[in-house]
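Enquirer:
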Amino acid sequence: MTETSVRGRASRERNGLGALIAFAALTVLATAVLVPLAFTALNGFKELGELQAHPFALPRSWVWRNYWDILAGARYWTVLGNSLLLAVLTVSLTVALSAMAAFTFAHLRFFGDRFLFSYIMLGLLFPLATAIIPIFIRVRDLGLLDSYWGVVLPQVAFSMAMSVLLLRTAFRQLPYELLDAAMMDGCGYFRYFLFITLPLSGPVLSTVAVIAFVDSWNGYLLPLIIFNSESRYPWTLGLMAYQGQYSTSWQLVLAFITLTILPAVLMFLMAQRYIVAGLTAGAVRG
Amino acid sequence: MTIRAFVLSAACLAALIAPALADTTVTVLHVSENPAQTALWDKIAADYNAAHKGVNVQMKYLENEAFKAKLPTMLQSDSRPDLFYSWAGGVMQAQDKAGFLKDISADMASVDPTLSPTAVEAFKVGGKQVGAPFEVGEVAFYYNKKLFEKASVKAEDVKSWDDFLGAVKTLKAAGITPLVVGAGDKWPMHFYYSYLVMRLGGEHALADAKAGKDGGFKSPVFVEAGKKLRELAALEPFQPGYLQTKHGESAGVFGDGKAAMDLMGQWLLGMQAPNSASGKGLAEEDIGILSFPVVPGGKGKATDTLGGINGWLVSKSAPPEAVDFLKFFSQEKYAKEAADKAAYIPVVKGAEASFTNPLFKRLAGDLAATTYHQNYFDQDLGPSLGRVINDVSVAVAAGEMTPEAAAAAIQEAADQQ
Amino acid sequence: MTEPGAVSAVAGDHRVRSPAAGAPAADGRRRMTLNGWATVAVFLPPALLVFTVFVFLPVVEAGWYGFFNWDGYGRPEKVIGLKNYEWLFSNPAFQRALVNNGLIIAVSLLVQLPLALGVAVLIAGRMRGAVVFRLIFFLPYVLADVAAGLIWRFMLDGSYGIPSLFTDMLGLQPFYLLASKDWAFSAVLIVTVWKYFGFHMMLYIAGLQGIDKEVLEAAKMDGASPWQRFRHITLPLLGPMIRLSIFFSVIGALKFFDMIVPLTGGGPFNTTHTMVSFLYYFGLTRMRIGFGSAVGVVLFVICVTFAFGYQRLVMRDD
């Protein structure tokens, strides 16, 4: 046996123990993180009074009806569909516009480029809530009130800053030799963008998509101000049915929320698979 | 969906709603999810639609906070409601100042005499009527009869502030939590402060303060009210952790029989059972009503009442059918039905006779016989001052703020308006 | 197979290369060609248009409201100049809010980010159950704030929640964390870490997965220990992402708001406000839109100052 493989075996054993400790630590952390989420779901099985008096205990009797009533009602599926539509439109548009803009900032130098980049970065620095009235006036004057685009466009605008920043950083990290080589082969920027930059940026594109998705999925103030038709309400507004002037049916609120997390979770899992695929693709690159 | 299918279904949809478009639509926006209330309102709307072909009255619901957040922008768009729910007070005045409300004084002249005068007055701004009231409420002490018995406290004997403090001490000595309050939401605590101001300063106290007389909100009445509140709170009469208890939870505490008294509005009766841990709450025979005590030397009377006045406001662009619906709504027969179903306490005179529920009967009787009815301070004063009063009520009770500082804070907010 | 001008495994600027004729500038960007201009003309305007119409213009208008005393109804009429700013800086709740924002920044940088980085390093690869862990740690970020605030309110309740576990065990009186003037904000900090470390973890994972595995393999072959590999290869290559994460963290901390409403409502006694929750409670809900806009402008100025300074000093090469 050579010296290298002996050392290799010892380090494998060391890694084995290290991996075990890491796994244990992660499991403990995961449990701590999951407890509040588990209780969100569990509390959906209680009646209101029990929830308020014993929020941190297992349900004494499992009120399946809470969840069942929600799932069997048309409202859940309508609001879910609306939320999904809004989120998909927001994500597609955000990724498309931000990737294009980020690519420009990453590779091209022209008069005013730094100014324009800082301009877009301003979007990071202002919370949506402060500008809600002017946004309402804008959307109204554009005739987009009570329409999906009236919510999607402002959401895309506000997500843009973070996305452009993330994507520009990632695009810059790709080796420039690729661009040189491509240029020399007569490839233009468009094709480079479509066939090289985007495929190689899987992980960060997925991340941007997931973040934009979650932000849209949980959006409340904007849909509230823009939508008037109940048929267009996303789930955050659909929640209102359980909230009263003086009293809120918290158990139904929690059950409802538990059921609405699922699509966001699915989105995450889909994005994760793409990241893993991106990993494999990277390994055979070059 | 293919383009063709989409166009086809859009055409079908248009065909379906075309007849409806020929009608005049009247949208009525409200915040109630009380099933008794909403059922009655749906019925009134249906009755009106049946009697008036060509008009379609639609009831729409928005959750309370969402309603308040959305109304300012909604009123500036084409989708503004024709009639909308209101708590009168400062918000209504702001809406009128911005030109969003319609003057219906002439239209309502025939209906107003049938309604309680205080309620009608509440919906006037600068002498002109902008809405029609339909509901009035009262804040009073709801007490647990069994717990009172246990501590040998007699409700009839609690008349003055000192009697009240005595009762609190007796209850505490008997191991019973005297009061429950949802101070986590702040506004329940401001009921104490408001009543003390009313009992000390009488019916002109608030109006004088608003006008800036005698130091405005820094007047001795307000400072003294703060002192009395602190006096009460110093006895530690509230449930443990009261500063973080929300209103819903507090209703549950009362429903579970864990506290003797709750100073609250009439909706408590509908809330105490579903919010209680047992799910059953207190039986209504075990609940009694006690009016807020009189403060000796104060100008307020025992028959002065604090409570909400709710009604419908009419938006400027509303069609005449909307005002007509309002008159239809205010008919005595519907008010009697509301009383009968204990949906709410109507403002139509004489309606209290229709109440079968003894507790509601008592409240309605108080309101009919009231010498001075005051809208909730935090509605009357508008959202900015209102929130300050809520904040300082809790701060004073908890000993975090002196009564003088509290009064000064309210005045400062008034100056900044 | 390594590419020409391959990445150097030495810490430092991995983009060092020998310049050739007509080569790009030091930051990799090249002189403009016709193709370049065409790209700019097509790629940039859509984003700029949407951004200008729906962010820039509304923000400017919102800032303009800051000079008015306005309740949100109708149009702003009552000009009061800088009075809003005077009132807000003398407001003790706002002063406390500034302090609170600082605390969130501190906790984010000292606790949240290292935690996120550590976890990311462990699960970025293909260890067993990595995807499950990633999902679990990311879930708090996905959960809507109304639910997160609500559940944590129950969890931190003095009579029934976690504090009661301790007080019961030790035989003490129940401790009402969320009603305590001094300790309520620590609840906010705990929930912040819980909710957002998963977000930063995601950023780091994306960054880690962009690192060329061959470099790490080569170092492993040369006998570098895991810690050495981390310190000299991973960390520097992750540099841009870390700097970005810090940037988002600080900006996010300054804009922190959504959790405060369901968890503490800014209480008790206005000790748990952040600038934006102060804006919401003291501006929007009290129908003092002008006042709220003034707070927004102050927040904006602070953010811009930080962003500008950070870009200049830290992110020069990114």
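These protein sequence lines map, in sequence, to chains A, B and C. Note that the working numbering has the first sequence beginning at 5, numbered continuously upward. Note that the working numbering has the second sequence beginning at 4, numbered continuously upward. Note that the working numbering has the third sequence beginning at 1332, numbered continuously upward. A virtual CB, placed ideally from N, CA and C, is assigned to each residue, including glycine. Bear in mind the structure is a predicted one, so any value in this text is a computation, not a measurement.
Please look up how many angstroms separate the CB atoms of residue 1505 of chain C and residue 243 of chain B, rounded, as I've assumed it's under 8 angstroms.
Expert: Beta-carbon to beta-carbon, residue 1505 of chain C and residue 243 of chain B are separated by about 6 angstroms, close enough to satisfy the 8 angstroms threshold.
Enquirer: For residue 1352 of chain C and residue 106 of chain A, what's the separation of their Cα atoms in angstroms?
Expert: For residue 1352 of chain C, the predicted structure reports a pLDDT of 39, less than 50, and the residue's modelled location is therefore unreliable. A value from the coordinates is still provided. Going by the C-alpha atoms only, they are around 27 angstroms apart.
Enquirer: Give me the subset of the stretch 20-52 of chain B whose CB atoms are less than 8 angstroms from a CB atom of chain A, sorted by chain position.
Expert: 34, 35, 36 and 37
Enquirer: Distance check for residue 1383 of chain C and residue 118 of chain A, CA to CA, integer angstroms please.
Expert: 16 angstroms
Enquirer: Compare the beta carbon distance of residue 272 of chain B and residue 232 of chain B with 8 angstroms and say whether it is the shorter of the two.
Expert: no
Enquirer: Enumerate in chain order the residues of its own chain whose CB-to-CB distance from residue 1626 of chain C is below 7 angstroms, with the five nearest sequence positions on each side excluded.
Expert: 1419, 1606, 1609, 1610 and 1614
Enquirer: Compute the Euclidean distance between the alpha carbons of residue 369 of chain B and residue 93 of chain B, then round it to the nearest angstrom.
Expert: 25 angstroms
Enquirer: Looking only at its chain, what residues have a beta carbon closer than 7 angstroms to the beta carbon of residue 1487 of chain C, apart from the 5 residues adjacent to it on each side?
Expert: 1493, 1494, 1508, 1509 and 1518
Enquirer: Determine the extent of the beta strand (DSSP E) in which residue 314 of chain B is found, giving its start and end residues.
Expert: 312-317
Enquirer: Anyone know if the C-beta pair for residue 1564 of chain C and residue 1575 of chain C falls short of 8 angstroms?
Expert: Not in contact: residue 1564 of chain C and residue 1575 of chain C (Cβ atoms no closer than 8 angstroms).
Enquirer: Measure the beta-carbon distance from residue 256 of chain A to residue 70 of chain A and round it to whole angstroms, keeping in mind my assumption that it falls under 8 angstroms.
Expert: Rounded to whole angstroms, the Cβ separation of residue 256 of chain A and residue 70 of chain A is 6 angstroms, and the two are in contact under 8 angstroms.
Enquirer: Pick helix, strand or coil for residue 216 of chain B, following the three-state DSSP scheme.
Expert: helix
Enquirer: Please classify residue 251 of chain B as buried or exposed, where buried requires at least 16 neighbouring CB atoms within 10 angstroms.
Expert: So residue 251 of chain B counts as buried.
Enquirer: What residues in the stretch 378-407 of chain B have a beta carbon less than 9 angstroms from any beta carbon of chain C?
Expert: 385, 386, 387, 388, 389, 390, 391, 394, 397, 398, 401, 403 and 404
Enquirer: DSSP has residue 59 of chain B in a bridge; who is on the other side?
Expert: B:28
Enquirer: When the Cβ atoms of the stretch 170-186 of chain A are set against those of the stretch 31-51 of chain B, are three or more pairs found closer than 8 angstroms?
Expert: no
Enquirer: Suppose you measure from the CA of residue 1629 of chain C to the CA of residue 1616 of chain C; what does that come to, to the nearest Å?
Expert: 19 angstroms
Enquirer: Taking only the alpha-carbon atoms, compute the straight-line gap between residue 416 of chain B and residue 1621 of chain C and give it to the nearest angstrom.
Expert: 14 angstroms
Enquirer: Tell me, please, whether the stretch 213-224 of chain B touches the stretch 140-154 of chain B by the rule of three or more beta-carbon pairs shorter than 8 angstroms.
Expert: no
Enquirer: For residue 1314 of chain C, does the count of other Cβ atoms within 10 angstroms reach 16, so buried, or fall short, so exposed?
Expert: Given a span of 1332 to 1649 for chain C in the structure shown, any question on residue 1314 of chain C remains unanswerable.
Enquirer: Looking only at its chain, what residues have a beta carbon closer than 7 angstroms to the beta carbon of residue 1354 of chain C, apart from the 5 residues adjacent to it on each side?
Expert: Per-residue confidence for residue 1354 of chain C stands at a pLDDT of 46, beneath the threshold of 50, marking its modelled position as unreliable; the derived number appears in the next sentence. For residue 1354 of chain C, where only same-chain residues beyond five positions count, there are no Cβ hits under 7 angstroms.
Enquirer: For a cutoff of 8 angstroms on Cβ pairs, would you count residue 153 of chain A as touching chain C?
Expert: Output row for residue 153 of chain A: interface = no.
Enquirer: Would you call the stretch 84-103 of chain B and the stretch 377-393 of chain B touching, i.e. three or more CB-CB distances under 8 angstroms?
Expert: yes
Enquirer: Look at residue 171 of chain B and residue 203 of chain B and say whether their C-beta atoms are less than 8 angstroms apart.
Expert: no
Enquirer: Does residue 1624 of chain C have its Cβ less than 8 angstroms from a Cβ in chain A?
Expert: Residue 1624 of chain C counts as touching chain A.
Enquirer: Looking at residue 86 of chain A and residue 267 of chain A, is the spacing between their C-beta atoms short of 8 angstroms?
Expert: no
Enquirer: Is residue 118 of chain B helix, strand or coil by DSSP?
Expert: strand
Enquirer: List, in order along the chain, the chain C residues whose C-beta lies closer than 7 angstroms to that of residue 125 of chain A?
Expert: 1638
Enquirer: Examine chain A for any beta-carbon lying closer than 8 angstroms to the beta-carbon of residue 1532 of chain C, and answer yes or no.
Expert: no
Enquirer: Please report the Cβ distance between residue 409 of chain B and residue 229 of chain B, rounded to the nearest whole angstrom; I am assuming they are in contact, meaning their Cβ atoms lie under 8 angstroms.
Expert: 5 angstroms
Enquirer: Mapping the DSSP letters down to three states, classify residue 360 of chain B as helix, strand or coil.
Expert: coil
Enquirer: Near residue 404 of chain B, what residues of its chain come up, given a Cβ to Cβ distance below 7 angstroms and the 5 sequence neighbours on each side ignored?
Expert: 395 and 398
Enquirer: Any Cβ of chain B within less than 8 angstroms of the Cβ of residue 73 of chain A?
Expert: Taking Cβ atoms only, chain B never reaches closer than 8 angstroms to residue 73 of chain A, which makes this a no.
Enquirer: Could you pull the DSSP bridge partners for residue 1570 of chain C from this structure?
Expert: Paired residue(s): none; residue 1570 of chain C is not in a bridge.
Enquirer: Is any non-hydrogen atom of the ligand FMN found closer than 7 angstroms to the C-beta of residue 254 of chain A, if you look at the structure I gave you?
Expert: No copy of the ligand FMN occurs in the structure displayed, which carries no ligand at all.
Enquirer: To the nearest angstrom, how far is it from the Cα of residue 132 of chain B to the Cα of residue 106 of chain B?
Expert: For residue 132 of chain B and residue 106 of chain B, the distance between alpha carbons rounds to 6 angstroms.
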